[in-house]
Ligand SMILES: [Zn+2]
């Protein structure tokens, strides 16, 4: 099993061949008891691997012994690594870098660091981001929450409009995409990319996450009208900084927005609305695990790689609107 490590060099020393990597994933996935991903059968035959790498010559894939099923599968089936030509060692290094870099890492930088093409790096980044997607919650949470929304994107000259001003409160969506965030005390945030910031949009999101009777703190935006029916709703005035709730307020959510925006504008420069939710997952994931050591965060990241396959086809599927992605050196990514 993976020993303690505290940097990329140590990680690479441990995962120094494809076999170690795939065995690590196998153990993480099944803990010694491979199970059919199609029917759940536990009696499994070993068959020669179809994974193509010299390190894996003696490695075994699996076949379901259920006569109705007979599915052939490997450790990588249904994982973010399935069907990728990039070596697992490279994937592992990428996952370490992506989960450790607080401000994010561009596909251009990742390509240089790992010696892969920018197109591959872009794909790796999006698959990893997809694996960061928060899991559906088992049950709603009762507690103290702060909710806030922000706008991402737009041309540089328009960005000052992010600041909230009277009436409009900067909520023009002309060239920006709204994102809603709800944070629990303790600083765990959940973000959602939304079409607009009306009550019709915001309320169902809150209702799906927050148990009735909880306390929700928001600013004075009209989209939060009507929360009193289900929650103890506290409104604070952004400009005057009047908080009736002690230290916890929408300002806590704003701290996250500033990290997200610094990352998106500083590292990625521009993000198309189509992919924005994945960037939100990425920043949300790191933010929520910010108190974890890099090694622990890496292991947590690896645990999330299963069952979250995002195909290249799915990734480049018809954009809702024309998009241009530009990396830090102004390179257009197609
Ligand atoms: Zn089966």
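In my numbering, the protein residues as written are 2 to 335. Think of the CB as a built atom: it goes at the ideal place given N, C-alpha and C, for glycine as much as any other residue.
Annotation for residue 93: no beta strand (DSSP E) segment contains it, though the alpha helix (DSSP H) segment containing it runs 89 to 101. In the structure shown, residue 186 adopts coil according to DSSP, grouped into three states. For residue 135, there is no enclosing alpha helix (DSSP H), as DSSP gives it neither H nor E.
Just so you know, the alpha carbons of residue 62 and residue 50 end up roughly 5 Å apart. By the C-beta density criterion, residue 118 is exposed, having fewer than 16 other C-beta atoms within 10 angstroms.
Excluding the 5 residues flanking it on each side, residue 272 has same chain C-beta neighbours closer than 6 Å at 265 and 280, in chain order.
Around the C-beta of residue 307, 16 or more other C-beta atoms lie within 10 Å, and the residue is accordingly described as buried. DSSP places residue 46 within a strand segment (E or B) once states are collapsed to three. Proximity to residue 72 across 48, 188, 254 and 19 peaks at 48, based on C-alpha coordinates. Taken atom to atom, the span from the alpha-carbon of residue 193 to that of residue 182 is near 6 Å. For the stretch 203 to 284, the full-length alpha helix (DSSP H) segments reaching 4 residues or more read 251 to 264 along the chain. Here the stretch 273 to 293 makes no contact with the stretch 109 to 116; the two share fewer than three CB pairs at distances below 8 Å. With contacts defined by Cβ atoms closer than 7 Å, residue 149 and residue 254 form a contacting pair. Relative to residue 274, the option among 135, 154 and 305 whose CA is nearest is 154. Taking 7 Å as the cut-off, the beta carbon of residue 66 is found no closer than this to the beta carbon of residue 39. Under a 10 Å Cβ-count criterion, residue 220 is classified as buried, with 16 or more other Cβ atoms of the shown protein chains found around its own Cβ.
Distance check between residue 218 and each of 87, 249 and 74 places 249 closest, using alpha-carbon atoms only.
Taken through DSSP and simplified to helix, strand or coil, residue 29 comes out as helix. Here the C-alpha atom of residue 208 lies approximately 11 Å from the C-alpha atom of residue 214. Less than 7 Å divides the Cβ of residue 97 from the Cβ of residue 9. Nearest Cα to residue 224 within the set 231, 202 and 235: 202. At least one heavy atom of ligand 1 is found less than 6 Å from the C-beta of residue 67.
Exclusion of the five residues before and after residue 256 leaves no residue of its chain whose Cβ lies closer than 6 Å to its Cβ. Per the C-alpha coordinates, the member of 258, 230, 151 and 176 positioned closest to residue 188 is 258.
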